[in-house]
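Visitor: I am attaching a structure below and will ask some questions about it afterwards.
Protein chains in written order, with the working numbering: chain A, 2 to 113; chain P, 22 to 135.
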């Protein structure tokens, strides 16, 4: 069973701080990794994709990937109350190029 | 670009009834996916279409579930003889057919079984 693990949280940070969200995955041949943001009662919204080891930055968001450690993370700089949501880590399963396996998500709360 | 569209947004029905959901993908996307999400869990893969061909069905998709994409455009997901355990958010996503392209989700259909 291919698994994606995330701390369920809640993770609480003050406004303006850096929020760090972590994810590990079990399928060593996975090649594509995604972070989705999901507000309560809403659908997942893609915020970052990463395919190569290292860092990828997009505005206040930085995704980090370490395939050797089977670890992917998301950093949110200058956190805002509007960032409060559940963040889902998703991995494109090795051997397929279509099936996403999701973690359970980490609930982030940014306190004003 | 109007995004992935799903309807209805909410469906409440009695146990044993049949329900059908519709998904309209992003127009240039050849791939279409159905996922199911329950409270406190991430979405779980149900099935996948490349154009009109259904290429994989999860073991989660019992014989009461059927999905179609007859002309390679919109898709329908039907649940027959609904059970309490079918209560969930049903999410549709679409993507371009190039490998590793991200999937974009619709707003989902929330199904409640009374």
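C-beta: ideal position from N, C-alpha, C; glycine also.
Does any residue of chain A have a CB that is nearer than 8 angstroms to the CB of residue 112 of chain P?
Guide: Walking along the second chain from the start, residue 112 of chain P turns up at place 91. Answer yes: the Cβ-Cβ gap between residue 112 of chain P and chain A drops below 8 angstroms somewhere.
Visitor: Take residue 105 of chain P and list the residues in its own chain whose beta-carbon comes closer than 8 angstroms to its own, dropping the five residues that flank it on each side.
Guide: Your numbering for residue 105 of chain P matches position 84 in the second chain. If we look at residue 105 of chain P and ignore the five residues flanking it on each side, its Cβ neighbours are 36 and 134.
Visitor: Can you confirm whether residue 125 of chain P, when its beta carbon is compared against all beta carbons of chain A, has any partner nearer than 8 angstroms?
Guide: Taking the second chain and counting its residues from 1, the one referred to as residue 125 of chain P is at position 104. Yes, residue 125 of chain P lies at the interface with chain A (some Cβ there is under 8 angstroms from its Cβ).
Visitor: Could you check the C-alpha separation between residue 114 of chain A and residue 71 of chain A for me, to the nearest Å?
Guide: Any question about residue 114 of chain A goes unanswered here, given that chain A covers just 2 to 113.
Visitor: Bridge partners for residue 15 of chain A per DSSP, in chain order?
Guide: Numbered from its first residue, the first chain carries residue 15 of chain A at position 14. In the DSSP output, where bridge partners are listed per residue, residue 15 of chain A has A:112.
Visitor: Give me the Cα-Cα distance between residue 87 of chain P and residue 65 of chain P, rounded to the nearest whole angstrom.
Guide: Here residue 87 of chain P is taken as the residue at index 66 of the second chain, counted from 1. Here residue 65 of chain P is taken as the residue at index 44 of the second chain, counted from 1. Spanning the two alpha carbons is a distance of roughly 16 angstroms.
Visitor: So for residue 83 of chain A, helix, strand or coil by DSSP?
Guide: Residue numbering aside, residue 83 of chain A sits at position 82 when the first chain is read from its first letter. Helix, per DSSP.
Visitor: Just grab the DSSP bridge partners of residue 125 of chain P for me.
Guide: Along the second chain, one-based indexing puts residue 125 of chain P at 104. Looking at the DSSP assignment, residue 125 of chain P forms a beta bridge with P:115.
Visitor: Classify residue 106 of chain P as helix, strand or coil using the three-state DSSP reduction.
Guide: One-based indexing of the second chain puts residue 106 of chain P at position 85. In the structure shown, residue 106 of chain P sits in a helix (DSSP, three-state: H, G or I).
Visitor: Jot down the residue ranges of each uninterrupted beta strand (DSSP E) in the segment 56 to 102 of chain P, minimum 3 residues, whole runs only, in chain order.
Guide: Taking only runs of at least 3 residues, the beta strand (DSSP E) segments lying wholly in the segment 56 to 102 of chain P are 65 to 71, 74 to 78, 86 to 89 and 96 to 100.
Visitor: Taking 8 angstroms as the cut-off, decide whether the C-beta atoms of residue 121 of chain P and residue 33 of chain A are in contact.
Guide: Walking along the second chain from the start, residue 121 of chain P turns up at place 100. Walking along the first chain from the start, residue 33 of chain A turns up at place 32. Result yes, Cβ atoms of residue 121 of chain P and residue 33 of chain A sit closer than 8 angstroms.
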